[in-house]
Amino acid sequence: MRRILLSSLSLALVAVSLRGQQRPLKVYISADMEGISGVASVDQLSPSSFEYVQARQWMTGDVLAAIQGARDAGATEFVVSDSHGNGQSLLLDKFPADIPITIVRSFPRPLGMMEGVESSFAAVMFVGYHAATTSTSGVRAHTISSALLTKIALNGTPMSEAGINAAIAAELGVPVVLITGDDAIVNESRERFGTIDGVVVKRAIGFHSAATLTPEVAQASIRQHARAALARRAEMKPYAMTKPITLDISFKNYRPVELLGYLPNVQRIDAHTVRFIGRDMIEVSKFIEFVTNYDPALTP
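Mind the numbering: the sequence shown is residues 5 to 304 in the numbering used here, read in order.
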């Protein structure tokens, strides 16, 4: 009897030890501002805009709702990419201190809006995203730069930032499980990624206008969907690109295209478009970051 009791105790101790050694459930969140609840125009999107202070609060609230929903589903660790504008929009002092959360800030970054993502993550969530520059209906629709670019395509398919970033996550084997934004990006993402969970926080009326939920209502929905999306993450498949990957970037202006065409690994395929072929999405991301950030007058 004593031997049986000892064996049972040993098994119980092993079970407790194994539970203590379980891998953390890590979630990566990439957050933009154009698709946040309440945002409709340039009046919310830059430090000089009259409603930017409020928009930072709405953006932070939407991200916190996604975090709480993921925690409800068992998430234990987060990396959050602050990915709008200067990459310093989220209010850091609003984040909870009782769980590991790392926030990636400022630019440039080799992986852009996905800096910090690794193969150890269980899932990716996109919060506050918007439609591609090729969209005719999305609120603030653009890809990377509304001032410079007219299209970014991967393997011949025009991409939103969500598409590019999902392909970067797929390079590491991580699926995107949730996207929040207007109806244009949610519908586009469902068509492209399949079973992704989408939260429509506003309906696009035009490029500069939207019919939006209030932040409180939107955030309640984001929390609910984030929990459900993470719970069924096994159903989501990474959005992988066929390799090598052909990247086409179309510019509004001629001169950057002409100069990029001087590079031996870049082909100018028409007056406004250059082509770069990358071995993987890491190379493609670095090229996009170079093209959209390099300026010979950069200092320090």
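For glycine and all other residues, C-beta sits at the position ideal for the given N, C-alpha and C.
Small disclaimer: the values here were computed from a predicted structure and weren't measured.
| Query | Result |
| --- | --- |
| Who are the Cβ neighbours of A19 in its own chain at under 6 Å, not counting the five residues just before and after it? | Note on A19: pLDDT 44, under 50, position unreliable in the model; the coordinate value appears next. Once the five neighbours on either side are set aside, A19 has no close Cβ partner at all. |
| Using C-beta distances below 8 Å, list every residue in its chain close to R194, excluding the 5 sequence neighbours before and after it, in chain order. | I200, G202 |
| Rounded to a whole number of angstroms, what is the C-alpha to C-alpha distance between G185 and V67? | 12 Å |
| Kindly indicate the opening and closing residues of the alpha helix (DSSP H) around Y56. | 56-76 |
| Which same chain residues end up closer than 8 Å to F82 when comparing Cβ atoms and leaving out the 5 residues on each side of it in sequence? | K30, V31, Y32, I33, I71, A74, I103, P104, I105, T106 |
| Any idea if L263 is buried or exposed, counting beta-carbon neighbours within 10 angstroms, 16 or more meaning buried? | exposed |
| Out of A173, V108, E192, state which residue places its alpha-carbon closest to the alpha-carbon of T137. | E192 |
| Evaluate contact between the region 242-257 and the region 145-156, counting only Cβ atoms and requiring at least three cross-stretch pairs below 8 Å. | yes |
| Under three-state DSSP, which class holds F125? | coil |
| Which same chain residues, not among the five before or five after F197, have their C-beta less than 7 Å away from its C-beta? | A170, V180, Y243 |
| Check whether the region 159-176 touches the region 121-131, counting contact only when three or more Cβ pairs, one atom from each stretch, lie closer than 8 Å. | yes |
| Report the three-state DSSP secondary structure of L158 (helix, strand or coil). | strand |
| In chain order, what are the residue ranges of uninterrupted alpha helix (DSSP H) at least 4 long that sit wholly in the region 178-224? | 187-197 |
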